[in-house]
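*Asks:* Chains as they are written, first to last, in the numbering used here: chain B, 1 to 469; chain X, 1001 to 1469. Beta carbons: idealized from backbone N, C-alpha and C, even for Gly.
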């Protein structure tokens, strides 16, 4: 038996757009990690913004909940439906055309369903850089990147996804189209409404198109791995490098010796970078439009100063591209090494950068009183104040430890984050995963304003229920 | 006779905070250019955020309109009260302390009433750069800069004021304090509410504190003035320079030969930069943290390529700081030269950068059919798509011409801007000046959403009535 709603949906959009078969729906009901699972009556895959609008208009009329779906690479369950059989999953994957790319204005306009990696390659072919870059870039879609204000590896230099957005086209739950797909660098005509869609996790409407800023290509890179005796020393090093290299500073990544240990023991083909071990390491990358030798010389000089001023203990400069990749692998393979080690409790947090050392000390001290011999793996985008603060079972404990301790340790970590003025979600968002922590730690007045705004855009509450708010 | 409201206001805040004497109020009733004049029953000059909150709470209770006042340097009448005798002007000038400055995190937290120039100097003394820079920086206040999303000369490289803001403290009309004064680079916990205050022109609440990002200092500069045969050639030059110099590109300013003519005839001590005259000129500035010779060499190389590829007609490189300043004066003195010439009709507009040549051709053609021999002075931040599109009386016409033609020419210019997808206000905002044009050209749906948001924050409509919406 087909409901009125489904009949109208099919009549309006066509059966090739509306999937209602249980087998066809099944693959859309879980997140990629298999952590979340939900339910839905249909998967809708529109080919045009107009079809997105028609779908939302009908859903709104019938009070049917809508779950927007990008590349399904999120880590917080934001694109997975809840348990309600009434859900409609709206996938943007067929809205996947680059609408324009201009190398004079340095702008790109694209459908929301474009794969981030494809957009990066399109920019690169035009001798420009789309700086948004993250591990899932060959699956994630630009609409989802913007709806979750994605971060990634280049935030230090180019900012979060938000800072790359010049314009947005979105469909409101009413089916009205918000036509803000402009490429202007300057436009002071009232409230900047597009900012509300960025990072709203599909709770206000559906982004169907985006206009992005492109940057000049970076053609040369120079990398050094510096050993530091403490997070505080890493901060002093950051101050020196930023002051000397300014806009060339592309990455300032941090990891503890525990992370290095894990990587060396779990991943093949990697070698210890220094003859002795040190408490922590910082990977510094400079990049520039041109001038490889000058860039290398600049990095050598600043690292020379750092050694002289005792802002690091030792330093390994990459002289070849192969060495550069080897140094980066020490940082990049940490996630793989964690996976091999077993379930880790992960916390994507940010802090006022200057308070990272205090936070680390305080959080570890508390952790030791609660879960004495848990293993701690701390690494991340130090230059942005973004730490991946990860906790694993004590040696010898079984793998069920993580599940058992998950909530207690998250509470502890987030309490310490709040104490030092940080954020419980640096770049991954709230989704389903962090709703409890969000409501515990966010200023109630701000939550109230968010709810009020949500009601303005989505009076019937159909957009992505159970996420964020 | 003193109203209940005024009595309570004085009792709550003290007489040194509340000025009600007509002579004391008079200087606060006009904008700095003397274009707008309004009325008020009191000027309130709080010393703390708490006093701002107490004032707004009372005003809200009594339905008294509030006009926030920063440095009064706006060009659109946004800080001048309307004709109502009920207005309260709330000046931020006594909230003027730097709260913190951190050179590890590269952040500065300051009261909203701090003078922008003072903050720039404080950053500079700490070997950091606060990139927001504009002509009025020694009078304008940072709160006003943020409330109007100020632009200025460094937008090409560092973005508008919005892009420098990490956090905001603001008082809502209810007297509640929005406590968002954080310095985090990454925080994905819900809608980014601070974005609503930025550029809202005091219509949602009053910004009392701001947290700003600082940049690495630029210690060396290199400048070239390039002659171009057309705006299109200027665009091709922009593409070349941006691709080669990337983040060093600090300014890409454009002016027509008519502007050069005006400057040379109205300002003493300036000389024609080239042996012959050309249709237009582009001033390119590169800046870097260090390496003067390398920077100069990079500029010479790229300009050499430009000449070879016929992307400019001639080029004058600055070899000394004195020459650099002379070249800049040709661009910077245009406003002074206009003032000397008499009233100009000014339009602060922006366009998709790649469409500037079409726009210029089309707008001038229309202008010629309407006001045949009006004189046209076009210059601006070409690299941002921001043009100052200025029209002056025909030679021999009297000075009343500007007033007589003001509305017709603005309508024409804004129509052409709309046709090419531009903005009627690039960086100056709407205020009182552009309300009519704003309502003519902004998407009605967006205006409706803005009104809805305004009602959420300010249900009694007390905040800066008659501005923007």
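(1) Between the region 1330 to 1355 of chain X and chain B, which residues of the former have CB atoms less than 7 Å from a CB of the latter, in chain order?
(2) I need the DSSP call for residue 1117(X), collapsed to helix, strand or coil.
(3) Classify residue 1430(X) as helix, strand or coil using the three-state DSSP reduction.
(4) Leaving aside the five residues before and after residue 257(B) along the sequence, list all residues of the same chain whose C-beta is less than 8 Å from its C-beta, in chain order.
(5) Run through the DSSP bridge pairs and tell me what residue 1215(X) is partnered with.
(6) Pull up the distance between the alpha-carbon of residue 1455(X) and that of residue 1461(X), whole angstroms please.
(7) Going by beta-carbon coordinates alone, are residue 67(B) and residue 105(B) separated by less than 9 Å?
(8) Report, in whole angstroms, the separation of the C-beta atoms of residue 1142(X) and residue 1210(X), which I expect to be a contact under 8 Å.
(9) Looking at C-alpha atoms only, which residue of 310(B), 376(B) and 250(B) is the closest neighbour of residue 345(B)?
(10) What residues in its chain sit with their C-beta under 6 Å from that of residue 303(B), if we drop five residues either side in the sequence?
(11) Just the C-alpha distance for residue 1125(X) and residue 245(B), rounded to the nearest angstrom, thanks.
(12) Here's the rule: buried if 16 or more other CB atoms are within 10 angstroms of the residue's CB, otherwise exposed. What is residue 120(B)?
(13) How about residue 1162(X) and residue 1094(X): are their beta carbons less than 9 Å apart?
(14) Can you tell me whether residue 1448(X) is buried or exposed? The criterion is at least 16 other CB atoms within 10 Å of its CB, across all chains shown.
(15) Can you give the Cα-Cα distance for residue 1389(X) and residue 1349(X), rounded to whole angstroms?
(16) Give the interface partners of residue 445(B) over in chain X, defined as CB-CB distance under 9 Å, in chain order.
(17) For a contact defined as C-beta to C-beta under 8 Å, what are the partners of residue 385(B) on chain X?
(18) Which class does residue 1200(X) belong to by DSSP, given the choice of helix, strand or coil?
(19) By the criterion of Cβ-Cβ separation under 8 Å, what are the contact partners of residue 427(B) in chain X?
(20) Quick one: residues in its chain with C-beta nearer than 6 Å to the C-beta of residue 355(B), no 5 flanking neighbours on either side, listed in chain order?
(21) Please list the partners that residue 1290(X) has in chain B, where partner means a Cβ-to-Cβ separation under 9 Å.
(22) Please report how far the alpha carbon of residue 1232(X) lies from the alpha carbon of residue 310(B), in whole angstroms.
(23) Run through chain B and tell me which residues come within less than 8 Å of residue 1254(X), C-beta to C-beta.
(24) State yes or no: is the C-beta of residue 424(B) within less than 9 Å of the C-beta of residue 403(B)?
(25) Let me know if residue 1451(X) comes out buried or exposed under the rule of 16 or more other beta-carbons within 10 Å of its beta-carbon.
(26) With 16 as the cutoff for other CB atoms within 10 Å, does residue 305(B) come out buried or exposed?
(27) Only counting runs of 4 or more residues, tell me where the alpha helix (DSSP H) segments fall wholly within the region 1219 to 1264 of chain X, in order along the chain.
(28) Please tell me whether residue 1018(X) and residue 1059(X) are closer than 9 Å, where the distance is taken between their beta carbons.
(29) Does DSSP classify residue 1324(X) as helix, strand or coil?
(30) Name the residue from 1243(X), 1007(X) and 1292(X) whose alpha carbon lies nearest to the alpha carbon of residue 127(B).
(31) For residue 470(B), which residues of its own chain have a beta-carbon under 7 Å away from its beta-carbon, when the five flanking residues on both sides are left out?
(32) Is the shortest distance between the beta-carbon of residue 462(B) and the beta-carbons of chain X less than 9 Å?
(33) First and last residue of the beta strand (DSSP E) that includes residue 1287(X)?
(34) Would you mind stating whether residue 1078(X) and residue 1467(X) have Cβ atoms separated by less than 9 Å?
(35) Which residue marks the beginning of the alpha helix (DSSP H) containing residue 1096(X), and which one marks its end?
(36) Do the region 197 to 204 of chain B and the region 1188 to 1198 of chain X touch if we need at least three Cβ pairs shorter than 8 Å?
*Replies:* Result, derived from the coordinates:
(1) 1350, 1352, 1353 and 1354
(2) Here residue 1117(X) refers to the residue found at position 117 of the second chain. In the three-state reduction of the DSSP assignment, residue 1117(X) falls in the helix class.
(3) In the second chain, residue 1430(X) corresponds to position 430, counting from 1. It is coil, neither helix nor strand.
(4) Residue 257(B) sits at position 257 when you count from the first residue of the first chain. Once the five neighbours on either side are set aside, the close Cβ partners of residue 257(B) are 277, 278, 279, 280 and 281.
(5) Here the question's residue 1215(X) lines up with position 215 in the second chain. The partner list for residue 1215(X) (beta bridge, DSSP) reads 1129(X).
(6) The sequence position of residue 1455(X) within the second chain is 455, counting from 1. The sequence position of residue 1461(X) within the second chain is 461, counting from 1. When rounded, the distance between both Cα atoms is 7 Å.
(7) Position 67 of the first chain, counted from the start, is the residue given in the question as residue 67(B). Position 105 of the first chain, counted from the start, is the residue given in the question as residue 105(B). Contact: no.
(8) For the purposes of this step, residue 1142(X) is taken as residue 142 along the second chain, with counting starting at 1. For the purposes of this step, residue 1210(X) is taken as residue 210 along the second chain, with counting starting at 1. At roughly 6 Å, the Cβ-Cβ gap stays under 8 Å, so residue 1142(X) and residue 1210(X) are in contact.
(9) Against the first chain, residue 345(B) aligns to sequence position 345. Answer by Cα proximity: 376(B).
(10) To locate residue 303(B), count along the first chain from 1; it is residue 303. For residue 303(B), where only same-chain residues beyond five positions count, the Cβ hits under 6 Å are 224 and 315.
(11) Translated into positions along the second chain, residue 1125(X) becomes position 125. Translated into positions along the first chain, residue 245(B) becomes position 245. Spanning the alpha carbons of residue 1125(X) and residue 245(B) requires a straight line of approximately 18 Å.
(12) Stepping through the first chain from its first residue, residue 120(B) is reached at position 120. Per the 10 Å Cβ criterion, buried.
(13) The count along the second chain starts at 1 and reaches residue 1162(X) at position 162. The count along the second chain starts at 1 and reaches residue 1094(X) at position 94. No. Outside cutoff.
(14) Reading the second chain from its first residue, position 448 is the one you call residue 1448(X). Exposed, because fewer than 16 other Cβ atoms sit within 10 Å of the Cβ of residue 1448(X).
(15) Residue numbering aside, residue 1389(X) sits at position 389 when the second chain is read from its first letter. Residue numbering aside, residue 1349(X) sits at position 349 when the second chain is read from its first letter. So the alpha carbons of these two residues sit roughly 7 Å apart.
(16) Locating residue 445(B) in the first chain gives position 445, counting from the first residue. What residue 445(B) touches in chain X: 1172, 1176, 1177, 1178 and 1179.
(17) Locating residue 385(B) in the first chain gives position 385, counting from the first residue. Neighbours of residue 385(B) in chain X, taken as residues at a C-beta separation under 8 Å, are given in chain order as 1105, 1184, 1185 and 1186.
(18) Within the second chain, the letter at position 200 stands for residue 1200(X). Here residue 1200(X) sits in coil by DSSP.
(19) Taking the first residue of the first chain as 1, we reach residue 427(B) at position 427. The CB of residue 427(B) comes closer than 8 Å to the CB of 1186 and 1188 in chain X, given here in chain order.
(20) Indexing the first chain from 1 puts residue 355(B) at position 355. 420, listed in sequence order.
(21) Counted from its first residue, the second chain places residue 1290(X) at position 290. By Cβ distance, chain B contributes 244, 245, 246 and 298.
(22) Position 232 of the second chain, counting from 1, holds the residue named residue 1232(X). Position 310 of the first chain, counting from 1, holds the residue named residue 310(B). Rounded to the nearest angstrom, the two C-alpha atoms are 53 Å apart.
(23) One-based indexing of the second chain puts residue 1254(X) at position 254. For residue 1254(X), there are no C-beta contacts with chain B under 8 Å, since the nearest C-beta of that chain is about 13 Å from it.
(24) Indexing the first chain from 1 puts residue 424(B) at position 424. Indexing the first chain from 1 puts residue 403(B) at position 403. No, the Cβ-Cβ distance between residue 424(B) and residue 403(B) is not below 9 Å.
(25) Taking the first residue of the second chain as 1, we reach residue 1451(X) at position 451. Its Cβ having fewer than 16 others within 10 Å, residue 1451(X) is exposed.
(26) By one-based count along the first chain, residue 305(B) stands at place 305. So residue 305(B) ends up on the exposed side.
(27) 1231 to 1245
(28) For the purposes of this step, residue 1018(X) is taken as the residue at position 18 of the second chain. For the purposes of this step, residue 1059(X) is taken as the residue at position 59 of the second chain. No, the Cβ-Cβ distance between residue 1018(X) and residue 1059(X) is not below 9 Å.
(29) Numbered from 1 along the second chain, position 324 holds the residue referred to as residue 1324(X). Here residue 1324(X) sits in helix by DSSP.
(30) Taking the first chain and counting its residues from 1, the one referred to as residue 127(B) is at position 127. Closest option to residue 127(B), Cα to Cα, is 1243(X).
(31) Because chain B spans 1 through 469 in this model, residue 470(B) falls outside it and cannot be assessed.
(32) Locating residue 462(B) in the first chain gives position 462, counting from the first residue. Judged by the 9 Å Cβ criterion, residue 462(B) is not in contact with chain X.
(33) Numbered from 1 along the second chain, position 287 holds the residue referred to as residue 1287(X). Looking at the DSSP string, the run of the beta strand (DSSP E) that includes residue 1287(X) is 1280 to 1288.
(34) The residue given as residue 1078(X) occupies position 78 in the second chain. The residue given as residue 1467(X) occupies position 467 in the second chain. Taking 9 Å as the cut-off, the Cβ atoms of residue 1078(X) and residue 1467(X) count as close.
(35) Your numbering for residue 1096(X) matches position 96 in the second chain. No alpha helix (DSSP H) holds residue 1096(X); DSSP gives it neither H nor E.
(36) Judged by Cβ distances under 8 Å, the region 197 to 204 of chain B makes contact with the region 1188 to 1198 of chain X, as three or more pairs qualify.
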